[in-house]
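> Here it is: the structure, laid out below.
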Amino acid sequence: MDASSLPPPTIPIPVELFGVPRLLVGGAAAEADGATLGELAADLAARAPALAGPVLDPATGWPLDGYAFVVDERFTRDPATPLGPGSTVLLVSSVAGG
Amino acid sequence: MILRGVHGRALRIDLATGETDVLPLTGADFAAVVGGAGLASLLLLRHCPPGADPLGPDNPLVFAASPFVGTGITTAAKIALAARSPQTGMIGDSLSSSYLALALKRTGYDALVLTGQARAWSTLVVDSGAVRLEPAADLLGLDPAATSDAVRARLGTGYRVAAIGPAGEHGVVYAAVANDGRLAGRTGTGAVMGSKRLKAVAVRGNTLPRVADPKGLAKAARALGEKSLGPQTAKYRELGTAANVAFFDRMGTLPTRNFQAGSFAGAAAISGETLLLEHRTDRHACAGCTVGCEHRYTTTDGGAATETRLEYETLFALGSLCGVADPNAVLRAAALCDRLGIDAISAGATVAWAMECGERGIDLSPWGGPAPAFGDAAALLETLEAIGHRRGLGDLLAEGTRRASETVGQGSDRWAMHVKGLELPGYDPRKLQTMALGLAVATRGACHNRSSAYEADFSDALDPNAEARARAAAAVAAEDQAALLDSLTVCKFLRHVFVDLPEETAALHRLVTGQETTGDDLRRAGAEITGVKKRFNERMGWTRALDTLPPRLLGEDDGAGPGVAAPAGGSPLTRARLETMVDAYYAARGWGADGRVEESRGRGVEENGVVR
Numbered sequence: 000m001d002a003s004s005l006p007p008p009t010i011p012i013p014v015e016l017f018g019v020p021r022l023l024v025g026g027a028a029a030e031a032d033g034a035t036l037g038e039l040a041a042d043l044a045a046r047a048p049a050l051a052g053p054v055l056d057p058a059t060g061w062p063l064d065g066y067a068f069v070v071d072e073r074f075t076r077d078p079a080t081p082l083g084p085g086s087t088v089l090l091v092s093s094v095a096g097g
Numbered sequence: 000m001i002l003r004g005v006h007g008r009a010l011r012i013d014l015a016t017g018e019t020d021v022l023p024l025t026g027a028d029f030a031a032v033v034g035g036a037g038l039a040s041l042l043l044l045r046h047c048p049p050g051a052d053p054l055g056p057d058n059p060l061v062f063a064a065s066p067f068v069g070t071g072i073t074t075a076a077k078i079a080l081a082a083r084s085p086q087t088g089m090i091g092d093s094l095s096s097s098y099l100a101l102a103l104k105r106t107g108y109d110a111l112v113l114t115g116q117a118r119a120w121s122t123l124v125v126d127s128g129a130v131r132l133e134p135a136a137d138l139l140g141l142d143p144a145a146t147s148d149a150v151r152a153r154l155g156t157g158y159r160v161a162a163i164g165p166a167g168e169h170g171v172v173y174a175a176v177a178n179d180g181r182l183a184g185r186t187g188t189g190a191v192m193g194s195k196r197l198k199a200v201a202v203r204g205n206t207l208p209r210v211a212d213p214k215g216l217a218k219a220a221r222a223l224g225e226k227s228l229g230p231q232t233a234k235y236r237e238l239g240t241a242a243n244v245a246f247f248d249r250m251g252t253l254p255t256r257n258f259q260a261g262s263f264a265g266a267a268a269i270s271g272e273t274l275l276l277e278h279r280t281d282r283h284a285c286a287g288c289t290v291g292c293e294h295r296y297t298t299t300d301g302g303a304a305t306e307t308r309l310e311y312e313t314l315f316a317l318g319s320l321c322g323v324a325d326p327n328a329v330l331r332a333a334a335l336c337d338r339l340g341i342d343a344i345s346a347g348a349t350v351a352w353a354m355e356c357g358e359r360g361i362d363l364s365p366w367g368g369p370a371p372a373f374g375d376a377a378a379l380l381e382t383l384e385a386i387g388h389r390r391g392l393g394d395l396l397a398e399g400t401r402r403a404s405e406t407v408g409q410g411s412d413r414w415a416m417h418v419k420g421l422e423l424p425g426y427d428p429r430k431l432q433t434m435a436l437g438l439a440v441a442t443r444g445a446c447h448n449r450s451s452a453y454e455a456d457f458s459d460a461l462d463p464n465a466e467a468r469a470r471a472a473a474a475v476a477a478e479d480q481a482a483l484l485d486s487l488t489v490c491k492f493l494r495h496v497f498v499d500l501p502e503e504t505a506a507l508h509r510l511v512t513g514q515e516t517t518g519d520d521l522r523r524a525g526a527e528i529t530g531v532k533k534r535f536n537e538r539m540g541w542t543r544a545l546d547t548l549p550p551r552l553l554g555e556d557d558g559a560g561p562g563v564a565a566p567a568g569g570s571p572l573t574r575a576r577l578e579t580m581v582d583a584y585y586a587a588r589g590w591g592a593d594g595r596v597e598e599s600r601g602r603g604v605e606e607n608g609v610v611r
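First to last, the protein sequences are chains A and B.
Mapping of the first sequence onto numbering that gives the first Met the number 0: residues 0 to 97, in sequence order.
Mapping of the second sequence onto numbering that gives the first Met the number 0: residues 0 to 611, in sequence order.
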């Protein structure tokens, strides 16, 4: 395989974790790659296996009921949400408030 | 068709004479307002004369159960209290969980309506419907838990006790009523109880009404209990509401230093995650609850050990709002609020108002000052103690931010953070603009439990610049959902366990009551309950001018602190923007342009003969 056939290098996006996701991972952030939120979710489930099952669907990485992503301070349920180098991504409980 | 699951009667007790009478409750009553908070509000509307002094004998104090209490439906062991609030002058309603609700329903009544004023400090004893007053002067000064222990030791087995602490005795307008380690915290029902010279109410009995389909109900209740252990409640089980601190701080919605900012440098120290690792001792559940959200924590600084429960609202009000980042101090302050028997939100917010007075150079010494300073944990504890006993500056602060600022003047109402006299909970409306509307119009004042409109803001349901009509629809839906849950007395922490709350709870309602209840019936009930509360407020002098927010939150600030930015992609909250949303809310409710219930669902309740 020559260098031109390799996928372009990506910069991991830090995913900030809150609540149960933070407890499961044992840290305030995890890293994952993806040009879209759906891709990032799948990569996150692979890189942070503690989340796969209780928080993320093990097959798709998408959050289970009770959890959500926040991208650039906005909640989103759209896996096609584009991500860039400056994106901020949070994984939180979707059960906001008291 | 016979209505099962309820007794169909309330007991009115005149505390001055000891006389009692039975108030029939009809199927139409329960169909209109369900039970719990709806029933308590309806009984208040019927029995509180317009203009009644909130701390006078005419103001009834209502305790009400629901059809679901005592049925085995998870989380439903809750009791609703209602009275005209001494804090707001509007409806005061509050819920509390656990064994008291079960014991009250076993008395053979669905509700108690307490009127008049006892001649001396007393414990009201309701023993299967037999009523008596016992002397309680020797209990004065005790905290609610000690009072409950003493009353139960005195009366014997089977009693459950609601009690007030020193704050209720002294008429602190945000005093609470406590039971089983829980508090009916908001709107000052504890002060109303104290005004009746009731230190405690003890109830027991052995009469639960039959349910319509015991086997079907047991199966459905078991299924709901199993569902309640899913990911929708994991936050509450694993961390409790304390989990909000870190996330709200990150989103800039954590009220800090009396709403001068939306993030707090000390947030990490008082976050749920830190508390779990460094302070948590164990976890408890209320009676009949499968979730178990009550996390208990202990101090770790080597000082006098204090163990207490803690919620997000307590953390924000006694922590970030007062600029206090020491978790041990916040734990001690929370425990102190429980011992005094005061609402921690209003207590923290009133202390924060005083802190800002000091910061701005306003001399509070004429009222027993000096003002405490932001971040001064020792001063926070001293001030709370003073409030609970109305000592020194505490006497002023025991009146809450609205009255305290009216007394002090000097423009201090600009940083009195309340709606209708009820201090704001820990959600910054500048970021959460659907919640801004919910807080402005809520019948009991600024309250997250009567309007969870923040859920629309914490979701992708609404664009940051959503039009007023969309926000109004979301606020109405949130308010009606809360009214329904509070009236079924199902815990709000279950709300996401249901896919279709009205339909699924209607199924449970049919099994309990034997009525052909539909989801639409319960949807209508949610709106009607809000209408009943609103009608009460109108009788007590409500005007549209009360449906607003403090100037600071509307961009009419005076430069204190860094402020809070608009939500990402959205516009700042202004008075004009809020007014447009309030207009849309009244229209969505079907109320007049002046916000009155005329031609509304609430009027419909009256036309059905329910409001007498």
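From the three backbone atoms N, C-alpha and C, an ideal C-beta is built for every residue, glycine too.
Here the structure is a predicted model, which means the values were calculated and not measured.
For K218 of chain B, does the count of other Cβ atoms within 10 angstroms reach 16, so buried, or fall short, so exposed?
Flag for K218 of chain B reads exposed.
> Would you give the residue range spanned by the alpha helix (DSSP H) that L113 of chain B belongs to?
No alpha helix (DSSP H) holds L113 of chain B; the beta strand (DSSP E) holding it covers 110-114.
> Nearer than 7 Å: is that true of the beta carbon of F67 of chain B relative to any heavy atom of the ligand MG?
Within the structure as shown, the ligand MG is missing, as the structure has no ligands at all.
> With DSSP as the reference, please indicate the residues paired to T35 of chain A in a beta bridge.
The partner list for T35 of chain A (beta bridge, DSSP) reads A:P81.
> DSSP state of Y98 of chain B, grouped into three classes?
Three-state DSSP puts Y98 of chain B in a helix.
> With three or more C-beta pairs closer than 8 Å as the rule, is the stretch 398-412 of chain B touching the stretch 534-541 of chain B?
Taking 8 Å as the limit for Cβ pairs, the verdict is that the stretch 398-412 of chain B does not touch the stretch 534-541 of chain B.
> So for N178 of chain B, helix, strand or coil by DSSP?
If DSSP states are grouped into helix, strand and coil, N178 of chain B belongs with the strands.
> Where L216 of chain B and G513 of chain B are concerned, what is the direct C-alpha to C-alpha distance, given to the nearest angstrom?
C-alpha separation (whole angstroms): 11 Å.
> Counting only beta-carbon atoms, is L22 of chain A nearer than 8 Å to chain B?
Interface residue, yes.
> With a threshold of 7 Å on Cβ separation, who are the neighbours of L228 of chain B within its own chain once the five nearest residues in sequence on each side are excluded?
Here the set comprises T289.
> Report the residue from B:D92, B:Y311, B:K226, B:R295 whose alpha carbon sits nearest the alpha carbon of A266 of chain B.
Closest option to A266 of chain B, Cα to Cα, is B:Y311.
> Strictly below 9 Å CB to CB, what residues from chain A border M416 of chain B?
Going along chain A, no residue has its Cβ under 9 Å from M416 of chain B, so there is no contact; the nearest lies around 18 Å.
> Fully enclosed by the stretch 539-579 of chain B, which alpha helix (DSSP H) runs are 4 residues long or longer?
Runs found: none.
> Quick check on F74 of chain A: does DSSP put it in helix, strand or coil?
Three-state DSSP puts F74 of chain A in a strand.
> Can you confirm whether the stretch 490-501 of chain B touches the stretch 4-11 of chain B when touching is taken to mean that 3 or more C-beta pairs between the two stretches lie within less than 8 Å?
The stretch 4-11 of chain B is not in contact with the stretch 490-501 of chain B.
> Against P230 of chain B, what residues of chain D qualify as contacts under a CB-to-CB distance less than 8 Å, listed in chain order?
As a matter of chain content, chain D is missing from the structure shown, whose protein chains are A and B.
> For a minimum of 3 consecutive residues, which ranges assigned as the beta strand (DSSP E) are wholly contained in the stretch 171-225 of chain B?
Here the runs fully enclosed are 176-178, 181-183, 197-203.
> Let me see if you follow: with CB-CB separation under 8 Å, is H294 of chain B close to chain A or not?
Judged by the 8 Å Cβ criterion, H294 of chain B is not in contact with chain A.
> 8 Å is my cut-off, CB to CB: does V91 of chain A come that close to chain B?
Interface residue, yes.
> For K77 of chain B, count neighbouring Cβ atoms within 10 angstroms of its own Cβ and tell me buried if that reaches 16, exposed if not.
It is buried - the Cβ of K77 of chain B has at least 16 other Cβ atoms within 10 Å.
> Can you list, in chain order, the residues of the stretch 238-250 of chain B whose Cβ is nearer than 8 Å to any Cβ on chain A?
Taking 8 Å as the Cβ-Cβ cut-off against chain A, the residues of the stretch 238-250 of chain B that qualify are L238, T240, A242, N243, A245, F246, R249, M250.
> Got a sec, what are the start and stop residues for the beta strand (DSSP E) K77 of chain B sits in?
Its beta strand (DSSP E) spans residues 77-83.
> Roughly how many angstroms lie between the CA atoms of L320 of chain B and L510 of chain B, to the nearest whole one?
Their Cα atoms are separated by approximately 45 Å.
> What residues in the stretch 458-472 of chain B have a beta carbon less than 9 Å from any beta carbon of chain A?
Listed in sequence order: S458, D459, A460, P463.
> Can you tell me which of the three DSSP states F535 of chain B falls into?
Reduced to three states, the DSSP call for F535 of chain B is helix.
> Return the CA-CA distance between T307 of chain B and A145 of chain B, expressed in angstroms with no decimal places.
Approximately 15 Å, taken between the alpha carbons.
> Given a cut-off of 8 Å, decide if V160 of chain B and A199 of chain B are closer than it, judged by their beta-carbon atoms.
Their beta carbons are under 8 Å apart, which means A199 of chain B touches V160 of chain B by this criterion.
> Could you have a look at Y426 of chain B and say whether DSSP puts it in helix, strand or coil?
Note: Y426 of chain B maps to coil in three-state DSSP.
> With distances taken between CB atoms, is the gap from L89 of chain A to V54 of chain A smaller than 8 Å?
Contact: no.
> Name the residues in the stretch 434-457 of chain B whose C-beta lies less than 7 Å from a C-beta of chain A; which are they?
From the stretch 434-457 of chain B, only H447, S451, Y453, E454, F457 have a Cβ closer than 7 Å to chain A.
> Tell me which residues share the same chain as G367 of chain B and place their Cβ nearer than 6 Å to its Cβ, disregarding the 5 neighbours each side in the sequence.
Within the same chain, G367 of chain B has close Cβ partners G391, L392.
> Using a Cβ-Cβ distance under 8 Å, would L314 of chain B count as near chain A?
No - not a single Cβ of chain A is within 8 Å of the one on L314 of chain B.
> Under the three-state reduction of DSSP, which class applies to Y311 of chain B: helix, strand or coil?
It is helical.
> If you drop the 5 nearest sequence neighbours on each side, which residues of the same chain put their C-beta closer than 8 Å to that of D13 of chain B?
Counting only Cβ-Cβ distances below 8 Å, and skipping sequence neighbours, we find T19, T114, G115.
> Using only CA atoms, which one of B:G425, B:L339, B:G360 lies nearest to H388 of chain B?
When only C-alpha atoms are compared, the closest one is B:L339.
> Using the three-state DSSP reduction, which class does G387 of chain B fall into: helix, strand or coil?
Helix.
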